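Have a look at the structure below, then the notes.
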Amino acid sequence: MGHRIGRGSGRRPGRPVLPSVRGAVPRAAELFGRVLGGAPDAVFSAPGRVNLIGEHTDYNQGLVLPFAIDARAQVAVRARDDGRLRVVSGQQPGETVEVNLDGLEPGAVTGWAGYVAGAAWALAERGHRAAGADLALDSTVPVGAGLSSSAAVECSTALALATLAGDRLAPEELARVAQLDENRFVGVPCGLMDQMASSASRAGTVLFFDVGADRTEHIPFDPATAGLVTLLVDTRAHHSLADGQYARRRATCEAAAETLGVDSLSRIAPGELDAALAGLGDDETRRRVRHVVTENERVRAVVELLRTGAVRDIGPAMVASHASLRDDFEVSCAELDVAVDAALAAGAAGARMTGGGFGGSVIALVDRDRVDEVGAAVTGAFARAGFTAPVLRLVSPADGAGADG
Ligand code: GLA
Numbered sequence: 287m288g289h290r291i292g293r294g295s296g297r298r299p300g301r302p303v304l305p306s307v308r309g310a311v312p313r314a315a316e317l318f319g320r321v322l323g324g325a326p327d328a329v330f331s332a333p334g335r336v337n338l339i340g341e342h343t344d345y346n347q348g349l350v351l352p353f354a355i356d357a358r359a360q361v362a363v364r365a366r367d368d369g370r371l372r373v374v375s376g377q378q379p380g381e382t383v384e385v386n387l388d389g390l391e392p393g394a395v396t397g398w399a400g401y402v403a404g405a406a407w408a409l410a411e412r413g414h415r416a417a418g419a420d421l422a423l424d425s426t427v428p429v430g431a432g433l434s435s436s437a438a439v440e441c442s443t444a445l446a447l448a449t450l451a452g453d454r455l456a457p458e459e460l461a462r463v464a465q466l467d468e469n470r471f472v473g474v475p476c477g478l479m480d481q482m483a484s485s486a487s488r489a490g491t492v493l494f495f496d497v498g499a500d501r502t503e504h505i506p507f508d509p510a511t512a513g514l515v516t517l518l519v520d521t522r523a524h525h526s527l528a529d530g531q532y533a534r535r536r537a538t539c540e541a542a543a544e545t546l547g548v549d550s551l552s553r554i555a556p557g558e559l560d561a562a563l564a565g566l567g568d569d570e571t572r573r574r575v576r577h578v579v580t581e582n583e584r585v586r587a588v589v590e591l592l593r594t595g596a597v598r599d600i601g602p603a604m605v606a607s608h609a610s611l612r613d614d615f616e617v618s619c620a621e622l623d624v625a626v627d628a629a630l631a632a633g634a635a636g637a638r639m640t641g642g643g644f645g646g647s648v649i650a651l652v653d654r655d656r657v658d659e660v661g662a663a664v665t666g667a668f669a670r671a672g673f674t675a676p677v678l679r680l681v682s683p684a685d686g687a688g689a690d691g
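Residues 287 to 691 in the working numbering are what the sequence shown spells out, letter by letter.
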């Protein structure tokens, strides 16, 4: 069986079922008791995310529209009074990492535990308290699927450590702590979108985040009212080039902004685009700039459509976003393109890659009663292309980081 389709999909009896991510529940408290012993003081969690539209715009001070999904990283935590972290993870059985917080610097802890130690470091760096703790981490956010498994770990851990120390961080500050962890401790030059989505999202809404204006707004997003579902296709492609390419795209954008005499590419209004492009020397840079400026416009258009409840009508903007990421920004790959093309050919209202690209996932807006056909079409196209079978799920907007009890 190539695919399984589901949740509320109006499927006929005997049809295969695609589970939503809701099925999987992280069990950090249980892991805590089993491996670290005793009971945690508290349990926190933070979600992964998809981005509806607005890709590679965040580090250009532009517009993004992500939402949290119902797959989460959960952390069970108990205070220690010796200034040390002791960390275990359900995804790294048999490993316990111990870290001394005194004098902790980037580079001291690498691998999976770096995200956790980096949260403590980033809290202190931004003037918050972070004390020693025992932490058990368990996550249902798939790694390498472009769903921000790292932001989920960073946000849940930073929230746990801050709360334990008696600090209440606003969602945006939590996101900034998590981003600092990723930028400086882990060493990935990401923007702020993923951490904001993981921290500040609310169920039933997409998070309209204007990075340059430092403004967020929760826009209702309920595809079900239009008879639609959001289908997530994890292509299971993970290209190792991704990190270097991400940094290169970012550097190209920053250099172009400097050439054009603006502090970021998002300062360029659509009506100024042609003049800006004329001021740039090479074709590759022109295409990168065109992507950023047009993508911001597409986010604006989608937000206006969602405000009027016209969910289905956002499809063309999703398709145009994908084409721009494929042709102008050049961050797509064969698996993402095949998934998008197959979904659209089978009747999806819209489809695009989501996240940084070079692998990862596609989101498609699909009629509830066509989701079987679309899923089968994508799975079939992958088989014909000789790709690993994709993983299909339905996703819907979930809450951001919080206490689990
Ligand atoms: C990754 C980064 C984000 C953002 C996206 C592309 O997910 O972590 O900051 O730049 O890529 O939109």
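Ideal placement from N, C-alpha and C gives every residue a C-beta, glycine not left out. Quantities reported herein were computed from a predicted structural model and do not represent experimental measurements.
Remark: three or more beta-carbon pairs, one from each stretch, lie closer than 8 Å, so the segment 464-471 and the segment 397-405 are flagged as touching. The beta carbon of residue 316 sits no closer than 8 Å to any heavy atom of the ligand GLA.
Taking 8 Å as the cut-off, one finds no heavy atom of the ligand GLA near enough to the beta carbon of residue 401. Residue 349 and residue 597 do not touch by the CB rule: their CB atoms are close to 18 Å apart, not below 8 Å. Between residue 314 and residue 333, the C-beta gap is not smaller than 9 Å, which leaves the two residues out of contact.
Taking all protein chains shown into account, residue 511 has fewer than 16 neighbouring C-beta atoms within 10 Å of its C-beta and is therefore exposed. Between the segment 572-586 and the segment 606-626 there are three or more inter-stretch CB-CB distances shorter than 8 Å, so the stretches are counted as touching.
With 5 Å as the limit between CB and the heavy atoms of the ligand GLA, the residues that fall short of it are 341, 342, 344, 476, 477, 479, 480, 641, 642.
Annotated as distal: residue 676 and residue 592, with beta-carbon spacing of 9 Å or more.
Excluding five sequence positions before and after residue 466, the CB atoms of its chain that fall closer than 7 Å to its own CB belong to 408, 411, 412, given in chain order. Spanning the alpha carbons of residue 356 and residue 682 requires a straight line of approximately 7 Å. Burial state of residue 452 is exposed, judged by a 10 Å Cβ sphere holding fewer than 16 other Cβ atoms. If the five residues before and after residue 543 are omitted, its C-beta is found closer than 6 Å to the C-beta atoms of 550, 551, all from its own chain and listed in chain order. Within a 10 Å sphere around the beta-carbon of residue 642 sit 16 or more other beta-carbons, which makes this residue buried. DSSP, reduced to helix, strand and coil, places residue 541 within a helical segment of the structure shown. In the three-state scheme derived from DSSP, where H, G and I count as helix and E and B as strand, residue 554 is classed as coil. With a cutoff of 9 Å on beta-carbon distance, residue 567 and residue 538 are scored as not near each other.
For residue 534, the number of other beta carbons within 10 angstroms of its own is below 16, and it is reported as exposed. DSSP places residue 400 within a helical segment (H, G or I) once states are collapsed to three. Secondary-structure assignment with DSSP links residue 494 through a beta bridge to 503. Taking a cut-off of 8 Å on C-beta distances, the segment 486-496 does not touch the segment 632-641, as fewer than three cross pairs fall below it. Just so you know, the alpha carbons of residue 559 and residue 607 end up roughly 17 Å apart. Selection 625, 691, 658, 684 evaluated against residue 674 yields 625 as nearest (Cα-Cα).
Bridge pairing for residue 329: 362 [DSSP]. Secondary structure of residue 586 (DSSP, three-state): helix.
Short of 6 Å from the beta carbon of residue 338, and not among the five residues preceding or following it, lie these beta carbons of its own chain, in chain order: 351, 492. Between residue 478 and residue 456, the CB-CB gap reaches or exceeds 9 Å.
The Cβ atoms of residue 419 and residue 445 lie no closer than 9 Å to each other. Put simply, the backbone Cα of residue 387 is about 35 Å away from that of residue 489. Of the residues 536, 480, 442, the one whose Cα lies closest to the Cα of residue 329 is 442. Between residue 437 and the set 487, 514, 414, the nearest pair of CA atoms involves 487. Within the model, the alpha-carbon separation for residue 431 versus residue 622 is close to 12 Å.
In the three-state reduction of the DSSP assignment, residue 549 falls in the coil class, being assigned neither a helical nor a strand state. Cβ neighbours of residue 513 within its own chain (closer than 8 Å, five residues either side excluded): 653, 654, 655.
Taking the C-beta atoms as reference points, residue 649 is found nearer than 9 Å to residue 336.
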